[in-house]
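Okay, so here's the structure we're looking at.
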Amino acid sequence: MLTKGAKVCHIGGLEHGVGEVIKTDEQQGSCTVIFNNASFTGVSCENFVLVSELSPKQKDNLNNMLSKQTPQSVSYTHLTLPTICSV
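Numbering-wise, the sequence shown is residues 11 to 97 according to the working numbering.
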């Protein structure tokens, strides 16, 4: 069973990166996990694996995937006041 604060990856794919377990329900076997770009609530804990349990190859794949992701930021400095108000 995963514990609150555990660092995990989604078994279905590493594209979400590393998430943190913020809540668990031992009776249901479910948990809530928050990633930078996604969150999973009430999902079976079996859908996640502890980062510490990843194989060296999986860790390399995760690091490669994370290094290719660029932070998404939005700049509004080029907008004028009428443009901002019409958005």
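Here a beta-carbon is modelled for each residue, glycine too, at the ideal position from N, C-alpha and C. Nothing here was measured: the structure is a model prediction, and the numbers come from that model.
Exercise. Taking DSSP as the reference, what is the three-state secondary structure of Val28?
Worked result: Position 18 of the sequence shown, counting from 1, holds the residue named residue 28. Coil at Val28, not helix or strand.
For this session: Compute the beta-carbon to beta-carbon distance between Leu12 and Leu72, rounded to the nearest angstrom, for a pair I have assumed lies under 8 Å.
Result: Within the sequence shown, residue 12 is the residue found at index 2, counting from 1. Within the sequence shown, residue 72 is the residue found at index 62, counting from 1. By a beta-carbon distance limit of 8 Å, Leu12 does not contact Leu72. Their separation comes to about 18 Å.
Exercise. Is the beta carbon of Val43 less than 8 Å from the beta carbon of Phe50?
Worked result: Within the sequence shown, the letter at position 33 stands for residue 43. Within the sequence shown, the letter at position 40 stands for residue 50. Going by C-beta atoms, Val43 is nearer than 8 Å to Phe50.
Problem set entry | Under the three-state DSSP convention, the category Leu76 falls into | Along the sequence shown, read from residue 1 onward, the residue named residue 76 stands at position 66. If DSSP states are grouped into helix, strand and coil, Leu76 belongs with the helices.
For this session: Put Ser40 into one of helix, strand or coil per three-state DSSP.
Result: Residue 40 sits at position 30 when you count from the first residue of the sequence shown. The three-state reading of DSSP puts Ser40 in strand, counting E and B together.
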